[in-house]
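K.L.:
Protein chains in written order, with our numbering: chain A, 1 to 302; chain B, 303 to 604.
Even glycine gets a Cβ: it sits at the ideal position worked out from N, Cα and C.
Remember, predicted model here, so these are calculated numbers, not experimental data.
This is the structure I want to talk about, given as C-alpha cells.
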C-alpha cells in the first residue's frame, strides 16, 4: 500500500508540473507573502518552490508571455493617468549583494516602455541628503501618477546597513520602523500600490556568484572587495532584515519573499507578482473626452 | 538594348536587397547627417531610403539583432564609468506630433537595461522653470557618466513652439541658437556624445496617424484636439524647424534627419545610428582593480 501511495504521489506531482502553462498568468502573491509574526530568514526557502515553472526553459517561455501583458497593463496605467487617475505602482527591491536587484530591474521591468518607468537606485547618501531626514531623498523619487517606479534599495537601507554599521545611534534607527510604516501608509492612501520584495539568496549561492565575477573579465567591474567584508557580517544583516521584515510587514504594504537562488525562478516570480498587482489596479484605457466625429471632420479638412 | 539594360537594373536592385543582412550592423550616420547650408524640409525624404531593410519583416529581424548589441554596448559604457570614464550618450528626439518620439523611445532603447537609461520628457515648463533661463531644466537632466540619456523633446522647443506661439519676444528666442550651440559644445567637450534626431514625418502621414487614434478606443487617450490646432501651423513649424536645424547643425553635434513615414524604418534607422555612435565611443569592460587571486582566497574562506 505504501508503495502504491508513493506511486500515486509521483503521478500527482508529474501532473502538477504538466499543469504549468507558460502562456497563463499565475497568482503568486498569497504564496510569497510573509506571514505575520516572528521571522527567521533561515526558515525561508531560497530555492525553487513547488509552483510555477520548474525549469529554466519553461520560465523563459513564460517570461515571453508575461512581457507583453506587463507592457499593456503599464500602458493602461499610463493612459488612465492622462485623464486624472492617480494610480501608480512602486516596486521596492531589497536583498543581500548578488541576490539580483539589478537583474530583476533589467529582466522584469525590461519589457515595459521605458517612458512609463521611473527607476531610482539609492546609493550612499550625499552630504545634502544626510542633512535631511532619511525619507527626504526617498519622497522625491516616489513614482508619478501612471508610472511604475522601481526602488533598487530604498529607505530600508536606513534600518539595514545603517544599523549593521552603527552609522547612527540605536535611538535614531529604532524609531524608523514606525516612520517607514507611516510613510508607506501615506503612499497607499494616495493610490500608490507598494510592492516590497525581499530577494532572498542563500549564503552559498552568494559565494558562487561572487566567485563567478572573478572568473569572467566582463564581470570584474561588478566585483567589489568590500562585498566580501559585508558578507562577513552575514548574520548581523540577516538579523537586521528579519526585524525590518517583521516590523514593516503591514496589511497595506506587506513584504513578499522571493527565493533567489535560481535567477530564472526569481525573475518569473517578481514578474508574476508585478502582473498580479497591476491587474488588481485594473487600469483602463479612458474614453474620449472630445467629440470624435467633430475631430474626424476637422482632420479631414486639415 | 533598353529592355536588356532595364532587366539588368532590376537584377542589380534585387541583388542590393538581397545584400541587406539583418544580422549585420549598417553605418547610417553619414547618410542621415544633414548637410551644411540652407534647409528645406520639403526636400528631405520622409519615406524609406535606398539602404537598410526594405520591408517590415526585414526590419523586425534586424531589430532582433540590434537589441542585444545595443544592450552590450550600454553595459560596457556603464562598466567603464565605474572606473572613472566620463563617457555618456545623449539622444535628442525632436519632431512634429505623431512623428514617433515616444515610439522610438519604446522600441529603440527598450532592449537596453533600464538601469542604464535616463529618460527626460520635456513638457510645458513649470512656473519655477520659467523663472530660470531656458537651459536650467535641461542641464539638470544631462545623463550621468556611463548612461544613455534620452530627451523626448528638449531645449529645441524653446526655438520651436516658443517661436511659433510667440511665447517670448523675438529678441529673446533669436539669441538661443548661439546659446544652444555653446551648451552642446560644452557637453561634447565633457564626453557626452550628443545625437540629435529630427524625426521627419509628412503632413499626410500625420493626418493618417491622428485619424487612426480616433478609430481605436485604446488610442483615444493619445489624441488631443490641440494637436489639430498645431497641425494648422504646419508651415510655421516647418520654418522654425528649418532654422533650428540649419543654425544648430554643428560639427560636434550635427543633426540627423530620420524619415519617419514608416515606423519600422524609422526605428531601424535610429537604432542603427545609436549603435554606430556607441561603437565609436568604443566602451570597454575595465580590468580588475583588485587582486583576483587574493579575493578568490578570501571568498573561499568566507
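When you compare the CB positions of residue 563 of chain B and residue 474 of chain B, do they come within less than 9 Å of one another, or not?
P.N.:
No, the pair does not count as a contact, with Cβ atoms beyond the cut-off.
K.L.:
Measure the C-alpha to C-alpha separation of residue 461 of chain B and residue 127 of chain A and round it to an integer number of angstroms.
P.N.:
Going by the C-alpha atoms only, they are around 38 Å apart.
K.L.:
Counting only beta-carbon atoms, is residue 386 of chain B nearer than 9 Å to chain A?
P.N.:
Not one chain A Cβ lies under 9 Å of residue 386 of chain B.
K.L.:
What do you reckon, is the C-beta of residue 107 of chain A under 8 Å from a heavy atom of the ligand SAH?
P.N.:
You won't find the ligand SAH in this model; it holds no ligand whatsoever.
K.L.:
Could you tell me the distance, in whole angstroms, from the CA atom of residue 464 of chain B to the CA atom of residue 527 of chain B?
P.N.:
Going from the Cα of residue 464 of chain B to the Cα of residue 527 of chain B covers about 19 Å.
K.L.:
So the candidates are A/108, A/135 and A/185; which of them puts its Cα closest to the Cα of residue 150 of chain A?
P.N.:
The residue with the shortest Cα to Cα distance from residue 150 of chain A is A/108.
K.L.:
Given 8 Å as the limit, is there contact between the segment 102-122 of chain A and the segment 320-335 of chain B, that is, 3 or more CB pairs closer than that?
P.N.:
With a cut-off of 8 Å, the segment 320-335 of chain B and the segment 102-122 of chain A do not count as touching, because too few Cβ pairs lie within range.
K.L.:
Does residue 344 of chain B come out as helix, strand or coil in the three-state DSSP assignment?
P.N.:
Helix, per DSSP.
K.L.:
Are the CB atoms of residue 389 of chain B and residue 379 of chain B within a distance shorter than 9 Å?
P.N.:
Yes, the pair counts as a contact, with Cβ atoms nearer than the cut-off.
K.L.:
Could you check where the alpha helix (DSSP H) with residue 527 of chain B kicks off and where it finishes?
P.N.:
Counting along the chain, the alpha helix (DSSP H) containing residue 527 of chain B begins and ends at 527-533.
K.L.:
Verify whether the separation of the beta carbon atoms of residue 227 of chain A and residue 245 of chain A is less than 9 Å.
P.N.:
Cβ atoms of residue 227 of chain A and residue 245 of chain A: not closer than 9 Å.
K.L.:
With H, G and I counted as helix, E and B as strand and the rest as coil, what does DSSP make of residue 160 of chain A?
P.N.:
DSSP places residue 160 of chain A in coil when its eight states are reduced to three.
K.L.:
Quick test of your reading: residue 52 of chain A and residue 268 of chain A, contact by CB under 8 Å. State the CB separation rounded to the nearest angstrom.
P.N.:
Contact flag correct, Cβ pair sits at about 6 Å.
K.L.:
Using the beta-carbon count (16 or more within 10 Å), is residue 391 of chain B buried or exposed?
P.N.:
Buried is the call here.
K.L.:
Counting only beta-carbon separations shorter than 9 Å, does residue 299 of chain A have a partner in chain B?
P.N.:
Closer than 9 Å to some Cβ of chain B, the Cβ of residue 299 of chain A qualifies, so yes.
K.L.:
What's the C-alpha gap between residue 387 of chain B and residue 167 of chain A?
P.N.:
Taking the straight line joining both Cα atoms gives about 30 Å.
K.L.:
Tell me the DSSP secondary structure of residue 183 of chain A in three-state form.
P.N.:
Helix at residue 183 of chain A.
K.L.:
So, does the CB of residue 295 of chain A fall closer than 9 Å to a CB anywhere in chain B?
P.N.:
Yes, contact with chain B.
K.L.:
Contact criterion: CB-CB distance below 9 Å. Does residue 176 of chain A meet it with respect to chain B?
P.N.:
Judged by the 9 Å Cβ criterion, residue 176 of chain A is not in contact with chain B.
K.L.:
Taking residue 401 of chain B as the reference, which of B/565, B/594, B/593 and B/604 has the closest Cα?
P.N.:
Considering only alpha carbons, the answer is B/565.
K.L.:
Please go through the same chain and pick out, in chain order, the residues whose beta-carbon is closer than 8 Å to the beta-carbon of residue 403 of chain B, but skip the five residues on each side of it.
P.N.:
These residues qualify, in order along the chain: 395, 396, 397, 454, 455 and 501.
K.L.:
Considering just the uninterrupted stretch of the beta strand (DSSP E) at residue 406 of chain B, what are its terminal residues?
P.N.:
Taken as a continuous stretch (DSSP letters only), residue 406 of chain B belongs to no beta strand (DSSP E), being part of the alpha helix (DSSP H) at 403-410.
K.L.:
For residue 495 of chain B, name the three-state secondary structure that DSSP assigns.
P.N.:
Strand.
K.L.:
Taking the alpha carbon of residue 144 of chain A as the point to measure from, which residue in A/176, A/80 and A/133 has its own alpha carbon closest?
P.N.:
With distances taken between Cα atoms, residue 144 of chain A lies closest to A/80.
K.L.:
For residue 285 of chain A, which residues in chain B fall below 9 Å Cβ to Cβ?
P.N.:
In chain order: 519, 520, 521, 522 and 523.
K.L.:
Looking at the structure shown, is residue 242 of chain A part of a helix, part of a strand, or coil, going by DSSP?
P.N.:
If DSSP states are grouped into helix, strand and coil, residue 242 of chain A belongs with the helices.
K.L.:
Using three-state DSSP, classify residue 253 of chain A as helix, strand or coil.
P.N.:
Coil.
K.L.:
Identify the contact partners of residue 530 of chain B in chain A, using a Cβ-Cβ distance below 9 Å as the criterion.
P.N.:
By Cβ distance, chain A contributes 295, 298, 299 and 302.
K.L.:
Using DSSP with H/G/I as helix, E/B as strand and the rest coil, what is residue 306 of chain B?
P.N.:
Any reading at residue 306 of chain B is ruled out, since the residue's pLDDT is 45, under 50, leaving its predicted position unreliable.
K.L.:
Show which residues of chain A have a CB atom less than 9 Å away from the CB atom of residue 590 of chain B.
P.N.:
Within 9 Å Cβ-Cβ: 214, 217, 220, 221 and 223.
K.L.:
Should residue 498 of chain B and residue 555 of chain B be called a contact, given that it needs their Cβ atoms to be closer than 9 Å?
P.N.:
It is a contact, given that the beta carbons lie within the stated cut-off.
K.L.:
Shorter than 9 Å from the beta carbon of residue 417 of chain B to some beta carbon of chain A?
P.N.:
Yes, residue 417 of chain B lies at the interface with chain A (some Cβ there is under 9 Å from its Cβ).
K.L.:
Could you please give me the residues that DSSP links to residue 200 of chain A through a beta bridge?
P.N.:
For residue 200 of chain A, which the question treats as bridged, DSSP gives the partners A/259.
K.L.:
Whose CA, out of B/603, B/368 and B/545, lies closest to the CA of residue 480 of chain B?
P.N.:
Ranking the options by Cα distance to residue 480 of chain B, first place goes to B/545.
K.L.:
Just to confirm my understanding: we take residue 535 of chain B, look at its own chain, exclude 5 residues before and 5 after, and list those with CB closer than 7 Å. What are they?
P.N.:
Contacts found: 466.
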